[in-house]
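Student:
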Amino acid sequence: MDVSAGFGSLTEEIEMTKDFVSFGKEWVRKHISSNVNDLVIFTVRGDSMDGGNSRIKNGSQIVVDTSINEYINDGIYAIRIENALFVKRLQYMPGKLLVKSDNPIYQPFEVDLKTDSVDIIGAVVYVMNDMSCL
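Heads up, the sequence shown is in our numbering, so the first residue is 27 and it goes up one at a time.
1. I'd like the span of the beta strand (DSSP E) that includes Val66, first residue to last.
2. Measure the beta-carbon distance from Met154 to Ser86 and round it to whole angstroms, keeping in mind my assumption that it falls under 8 Å.
3. Do Asp128 and Gly77 have their C-beta atoms within less than 8 Å of each other?
4. Just how far apart, CA to CA, sit Leu124 and Ser60?
5. Between the beta-carbon of Thr69 and the beta-carbon of Ile147, is there less than 8 Å?
6. Which residues mark the beginning and the end of the alpha helix (DSSP H) in which Arg55 is found?
So this is what it looks like as structure tokens:
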């Protein structure tokens, strides 16, 4: 499934299992401390997260820990706002979340935690680029 790093990917509902990706147990233990049963992978579409420390760019694969489905601390999350899926950097403000992109051409925006329809799908725990085979 795709998640937008731009203006949002529309979705009726999230299909948490569309395809399977296999990783060795040792690789997962070495690189990701989350429970493997809580992990999903999204393909990023768009450039809003390109340009920062996140290394997330168009075509990146992001590993998301779905057990972290509420704001814990500032970081990068997969989120749903209304029917659009995003990967964004979240920062807490009293009663609100500031939703930011790493690419400076995209303006940050706020979501009100009491009135806006926002769901945290999970925290981004790993970023993969260039998954092509040789």
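Glycine included, every Cβ here is placed at the ideal spot set by N, Cα and C.
Tutor: Looking at the coordinates:
1. Leu65 to Arg71
2. 7 Å
3. yes
4. Each residue's Cα considered, the two are about 25 Å apart.
5. For Thr69 and Ile147, no; Cβs fall outside 8 Å.
6. Unbroken alpha helix (DSSP H) run through Arg55: Lys51 to His57.
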